[in-house]
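Here the structure comes first, spelled out in structure tokens, and everything after it is commentary.
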Amino acid sequence: MMSAPNYDEFDFPIELTTQPLPVVGICGLDTVNNAIHCNVWEAFNNIRKQNRPLVNFKLITPEHEFPTRKPKKSSYECYIPKGILKRNWMDKHMNHAPAVIIMFYDLDWNDPQWAEKQTECASRVKSLKLTLEGRHTKVALVLIQQEPPIPSGEEIIGGDKSLALIQECELNSKYLLLLPYNTSTADQMQGYVLNLQTTFHEMCIVYFNQLIRDVKSHKSTLIKTIHAYLFIRHTFKMAFYAEMKGEFLAAHKYYNQAYLLFSDIKMTHTNIHECKVVASYIMYKMVSLLFVLNQPRDAIQTFHSHVDKYKFKFGNELLLFEHHAWLSRQYAVFADLFESTIRNGLPASQARHPGFYYQQAAKHCINRRTARNSLCASVTAYPEPDPLQGSSTLDYYGQRPWRPGKLSAEPPDPKKERDGIQALQWLEKTRVDHSMIIIGHLGSAMAQFNTYRCPRMKKYLVIQMAEEYLSSRDYGKALTLMSHMLGDYKNEHWTRLVDDITRPALYCAFVTASVEEYLTLSLDTDKVSTLVNLTRVMNNEMPQAIQYTNHAHNLDELKILWIKNLAKSDNANIEVEMRSEHACVQVKTRLTVDEEAKYMLTVYLRSHFIEPVTFSSLSCTIGDSNLLVCTDLTLPPNQLVECSAEFIPLSCHINTEVTVSHVTLGLETAFRKLALKFMITKDPLKDLPLWRPIESKSDLEMSNIVPLHSVFIVPNTSEMSLDITHDNPALLLEWYPITIKLTNQSSHPLSSLSLVLTCPDSDNIDLCEDSQHVTNNDSTNNPAVAKFPLNRAIGELAPKQDGGEEMGQGGQYETIVYVRCTATTPEGAAKLINVKVSYSSYSDPSVLLTKESAVKLNVTKPFDISSSFLSNSFEPISVFHSNEQILIQPLIQCVSPWSIVIEDTFISIPDSIDMKHETKCCLELCKGQAVTCIACVVIKEPRNLCLGVFTVKWRRKDSRLGTVTSCIELPRVDVLPLPIQLSLNLPAHGLVRTPMTICYTLYNYLNSIITVQIVMESSEAFIFSGYKQVVIKLVPDSGQEFKFKIYPQLSGLVALPGFKINLLSKHEGLTQQTIDDMLIRSIPSHIYVLPQPKGIESSQQAQLVMQV
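Take 1 as the starting number for the sequence shown in UniProt numbering and just add one per residue.
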């Protein structure tokens, strides 16, 4: 029976490409019946999920069977190796042979059954050791303890018990570990597990060090001439053990030594395959470690040296395709490794990235297919019996199933060799889809070249991929890729490349019956057959057959497919974009102005068809309008044809440059319409191909024509003058007048006049024509207020000289429109108001003429308003309290370029605030000037509230349009309760040595009695009489006054005697700090003291002495 194709030696085994980790066996956990054991195992599993593993944890059940231990050889002198590297060896050490086994056991230090459990635990450990007898596997014991840690006074008990347990289990003291597990340490489980993992890894290092010593001991007894294979195998083992330890430098050193040992092997047809396979595995290990060690240059150099060493070692010539498959796999695996390293942070460049290696992999796969075609063509049957039977159970990598374990020196069986080669050729011929492999490599290479911005390399690979799709008979995908590349190459003027791609693309369009693509491509290919096939498709007939490959097609099936697709409605109207340098018709245009100020379009055409062709129409697109030049146009072959037509500009074209964007030639039959759309470029150099043949006379004539694609449309002399006057900028929220004046400058009347005002950005702008409504300043329910656009006939406008529907010679009309902007314009930007006047001339009333102008309107703020909040002592405050006076101070800063007049200001406050006093601002402001007003308020309740709305009524100076109202909302504040309040009744100023009375009033807002101590501190600047220190009790919702007579000693701004309040009782919401803050905020700290006038000072002193 024929075996399935097996190319495992080319597809690198999973154990080779996976990072090797030491296996740590976990036993003693009942994860099914014990919740604690299940949580412990999950904690170890989470380490792997968090990408932080040092080891590979494996749960070992009582039924687990360890790999059979290989018996030791007494001597290697007579041992002849049968292969280089065993297939199951890496998998055994990565998944089945544990380096360390951890026995978990539930045992607390104070367990009442300590003795019995100690004996049971020791029995389990000894049984495990007995199972592992003869191996270097390390055994450790972890006690799961659910009780809290032992107090410090009882540590000696744990120490004695641990020593006894170690002795009975015959363990190293370092291999007894603890894992606390209780409700208090559950959150710390991950930390304990990570610490245990580190300890287990250290045990694994000891295990692998022992294995390396054993391998070195074995290697020292080998003879190089006899045991060359064993030298490679043992060195590979040491490298693999070092890699599992995490010592990558040492691992790379051993892998390199193993790779160099292949030089000592004589390679023949019988062992070359095995040597190449194992060498590629070792090379992969070396390169991956160099990438891990951040040595990418060395990794790339190692790979290139490896390929150079083996690229000419073909082996059996009848299996040359295997050699190319091996090379392709080398490049693909290295590219995958390179790309993975780049994703992890390695920088790459345009000159060195994985795309080049994917491209080489595809190249060698193409060579593989070529070798297959030449070597496997004569193979017609699979040999019997199956020579590849047992290929999946071979002991060594790279060996042939028909001669497993045979030495290279042994002569092969000729018949088995022939059958084996025939089987491999048969599988290569019948089971391998080379195109899909090549396409996969090319796709990966394209992604890399796209990432590193190499567009031309990417396009080259796209063409290769299209050829592979064509080879695999996937014509649809091949056509899609070629069509994309044709457009790119046309834009870049690669004429030769366009010609080379067009033929296979046309073949794909033919076999897929793609009508539109076939018509598009047929116009770009051989001009001899273009007209014939074009005519057949336009008349619903299948085009002539194209033979590009050796693929066989059923013409009857193709004809049915063509008939079906030709009948589709989507193919009834087809538009094909053409470029003049690659088209079957060459086109140039000139757009000029003649002596009569008419705009003339001239189209020059030159046909490359071999026979005359009649087009149903010739049209051009100029700006956004379409111009029909002519119909039923016949183009002789290779002759210059000139067609002209007048272009009449539209009103929207005035004062703009119009451009010919494309020329359309129409072909029409009873079945189909085809439009050839020639794109016109502004740069004439872009219409020139990179290579031009020797020119004929018609070529020279066409070349001498200088195309003109654009013309500037100049407006005719207007018979109407439009004057707009206004004072820019406008102020926010004001009604801004714009005066529009129309004057008839012609010698005859103008009729059908209308005025249209539009604003592209009309969201924040209002419009009004009635000055009386504007003066009333009613912005809410004003019927005269409108939105843009405004459209008014001349009869609706207010005439200045004439009346009626006509404007006579020299007649004038004037109107004023008012606009109001509710948002300012950004700096450097302006609102655009378009003014358009339409009218009819006396000479031709049927033609509507227009006159347009634009108003650029800047909108700025008249003033900036800011507010500040002060205490009674005019100090800024940020914390607000109820029942405490607050000064609100709005500041109006004029930023208008025009002078403004403040008519009135006021603050609207809510009901929860009392207004004590308010000042008004009524004056004229110029730019840069500022004015402030002030209001004294008291907030009644402690809560979050808005302090009110500040309103300003203003107008522009010399304006008669009424006032403008601007409002700003004062900020919201959090008002805190005020438990106690202090006020001071103080004269405005004092005189030196003149007594005056001051009065402190203390008020209690709490519902309980407050006990405080009042202290009046001494001052060098004053002599005072009154209580210096007193303790009082304030009943709820009441106040008490403290009067003092003070006698100033110094003049100037003098600090008042310190007034202190000490809190003696405890109350919720009232602290000493609250009282201190209230004192600073509520009462002034200084007073102005004036000096005494001369002559009065002595008499006052005498009076004071008499009073004393």
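Here a beta-carbon is modelled for each residue, glycine too, at the ideal position from N, C-alpha and C.
Keep in mind it's a predicted model, so treat the numbers as computed, not measured.
CB contact flag (Leu633, Phe615, <8 Å)
Taking the sequence shown and counting its residues from 1, one reaches residue 633 at position 633. Taking the sequence shown and counting its residues from 1, one reaches residue 615 at position 615. Yes. Within cutoff.
Spatial neighbours of Ile913 within its chain, please: CB distance less than 6 Å, with the 5 preceding and 5 following residues excluded, ordered by chain position.
By 1-based counting over the sequence shown, the position of residue 913 is 913. Excluding positions up to five away in sequence, the list reads Val937, Ile939.
Are Leu128 and Leu179 touching if we call contact CB-CB under 8 Å?
For the purposes of this step, residue 128 is taken as the residue at position 128 of the sequence shown. For the purposes of this step, residue 179 is taken as the residue at position 179 of the sequence shown. No, they are not a contact pair.
If you reduce the DSSP assignment to three classes, tell me which class Val193 lands in.
Within the sequence shown, residue 193 is the residue found at index 193, counting from 1. Here Val193 sits in helix by DSSP.
Which of the three DSSP states is assigned to Met203 in this structure?
The count along the sequence shown starts at 1 and reaches residue 203 at position 203. Helix at Met203.
Could you check if Gln801 is buried or exposed, using at least 16 other CB atoms within 10 Å of its CB as the buried criterion?
The residue given as residue 801 occupies position 801 in the sequence shown. In this prediction, Gln801 scores a pLDDT of 43, lower than 50, which makes its location untrustworthy; no coordinate-derived value is stated.
Using the C-alpha atoms, what's the distance from Val1035 back to Thr997?
What you label residue 997 is simply residue 997 of the sequence shown in a count that begins at 1. What you label residue 1035 is simply residue 1035 of the sequence shown in a count that begins at 1. So the two alpha carbons sit approximately 26 Å from each other.
Tell me whether the beta-carbon of Asn182 lies closer than 8 Å to the beta-carbon of Gln146.
Sequence index remark: in the sequence shown, residue 182 carries index 182 (1-based). Sequence index remark: in the sequence shown, residue 146 carries index 146 (1-based). For Asn182 and Gln146, yes; Cβs fall inside 8 Å.
In chain order, what residues of the same chain have a beta carbon less than 6 Å from the beta carbon of Leu177, not counting five sequence neighbours either side?
As a working note, residue 177 is residue 177 in the sequence shown. The answer, listed in chain order, is Val142.
Under 8 Å, with one C-beta from each stretch per pair, do the stretch 864-873 and the stretch 888-902 reach the 3-pair mark?
yes
Member of Glu719, Gln113, Asp766, Asp761 whose CA lies at the smallest distance from the CA of Thr743
The count along the sequence shown starts at 1 and reaches residue 743 at position 743. Considering only alpha carbons, the answer is Glu719.
Among the candidates Asp524, Thr589, Ala513, whose CA atom is the shortest distance from the CA of Lys568?
Counting from 1 along the sequence shown, the entry for residue 568 is found at position 568. Ranking the options by Cα distance to Lys568, first place goes to Ala513.
Between the alpha carbons of Pro749 and Glu806, how many angstroms are there, rounded?
Sequence index remark: in the sequence shown, residue 749 carries index 749 (1-based). Sequence index remark: in the sequence shown, residue 806 carries index 806 (1-based). Each residue's alpha carbon lies about 6 Å from the other.
For Thr535, which of helix, strand or coil comes out of DSSP?
Walking along the sequence shown from the start, residue 535 turns up at place 535. Three-state result, Thr535: helix.
Quick test of the definition: if touching needs 3 or more C-beta pairs under 8 Å, does the stretch 1003-1017 touch the stretch 1034-1050?
yes
At 4 residues or longer, what runs of the alpha helix (DSSP H) sit wholly inside the stretch 877-922?
none
If you run the structure through DSSP and keep just helix, strand and coil, what is Leu249?
Working through the sequence shown from its first residue, we reach residue 249 at position 249. If DSSP states are grouped into helix, strand and coil, Leu249 belongs with the helices.
Leu605 and Ser619 closer than 8 Å at C-beta
For the purposes of this step, residue 605 is taken as the residue at position 605 of the sequence shown. For the purposes of this step, residue 619 is taken as the residue at position 619 of the sequence shown. No. Outside cutoff.
Please classify Asp624: is it buried, with 16 or more other beta-carbons within 10 angstroms of its beta-carbon, or exposed?
By one-based count along the sequence shown, residue 624 stands at place 624. The residue in question, Asp624, is exposed, as its Cβ has fewer than 16 Cβ neighbours within 10 Å.
Check this for me: beta carbons of Pro789 and Leu757, under 8 Å apart or not?
The sequence position of residue 789 within the sequence shown is 789, counting from 1. The sequence position of residue 757 within the sequence shown is 757, counting from 1. Cβ atoms of Pro789 and Leu757: closer than 8 Å.
Starting from the Cα of His37, find the closest Cα among Asn88, Phe57, Gln190, Asp106 and give me that residue.
In the sequence shown, residue 37 corresponds to position 37, counting from 1. If we check each option's Cα against that of His37, Asp106 comes out closest.
Quick one: what's got a C-beta closer than 8 Å to Thr994's C-beta in the same chain, skipping five residues either side?
In the sequence shown, the residue the question calls residue 994 occupies position 994. Only Tyr1047, Pro1048, Gln1092, Gln1100 meet the Cβ criterion.
Whole beta strand (DSSP E) elements within the stretch 88-142, 3-residue minimum
100-106
Can you check whether the CB of Ile902 is closer than 8 Å to the CB of Trp954?
Position 954 of the sequence shown, counting from 1, holds the residue named residue 954. Position 902 of the sequence shown, counting from 1, holds the residue named residue 902. In this structure, Ile902 lies closer than 8 Å to Trp954 by Cβ.
Bounding residues of the beta strand (DSSP E) (the contiguous stretch that carries Ser661):
The count along the sequence shown starts at 1 and reaches residue 661 at position 661. It spans 657-668 - the beta strand (DSSP E) in which Ser661 sits, taken as one unbroken run.
What does Leu790 pair with, by DSSP beta-bridge criteria?
Indexing the sequence shown from 1 puts residue 790 at position 790. DSSP output for Leu790 lists Leu757 as bridge partner(s).
On the three-state DSSP scale, how would you describe Gly153?
On the sequence shown, position 153 is the one that residue 153 refers to. Annotation note: pLDDT 42 at Gly153 (below 50); position unreliable, no value reported.
Opening and closing residue of the beta strand (DSSP E) in which Glu1020 lies:
Position 1020 of the sequence shown, counting from 1, holds the residue named residue 1020. Run containing Glu1020: none; DSSP gives neither H nor E here.
What are the complete alpha helix (DSSP H) segments, minimum 4 residues, inside the stretch 991-1021?
none
Helix, strand or coil, according to DSSP, for Leu16 in the structure here?
In the sequence shown, the residue the question calls residue 16 occupies position 16. Helix.
Run through DSSP, which three-state label would Trp494 get?
Counted from its first residue, the sequence shown places residue 494 at position 494. Looking at Trp494 - three-state DSSP - the assignment turns out to be coil, as it is neither helix nor strand.
Evaluate contact between the stretch 413-429 and the stretch 374-387, counting only Cβ atoms and requiring at least three cross-stretch pairs below 8 Å.
yes
Would DSSP call Met267 helix, strand or coil?
Taking the sequence shown and counting its residues from 1, the one referred to as residue 267 is at position 267. Reduced to three states, the DSSP call for Met267 is coil.
Considering only the alpha carbon of each residue, which of Arg943, Arg369, Lys851 lies closest to Leu976?
Along the sequence shown, one-based indexing puts residue 976 at 976. Comparing Cα positions, the closest option is Arg943.
Give the C-beta separation of Tyr518 and Val537 to the nearest angstrom, bearing in mind that I take them to be a contact with Cβ-Cβ under 8 Å.
On the sequence shown, position 518 is the one that residue 518 refers to. On the sequence shown, position 537 is the one that residue 537 refers to. Contact holds; Cβ gap of about 7 Å.
Between Lys1028 and Glu1017, what straight-line distance do the alpha-carbon atoms span, to the nearest angstrom?
For the purposes of this step, residue 1028 is identified with residue 1028 of the sequence shown, where counting begins at 1. For the purposes of this step, residue 1017 is identified with residue 1017 of the sequence shown, where counting begins at 1. Approximately 7 Å between the Cα atoms of the pair.
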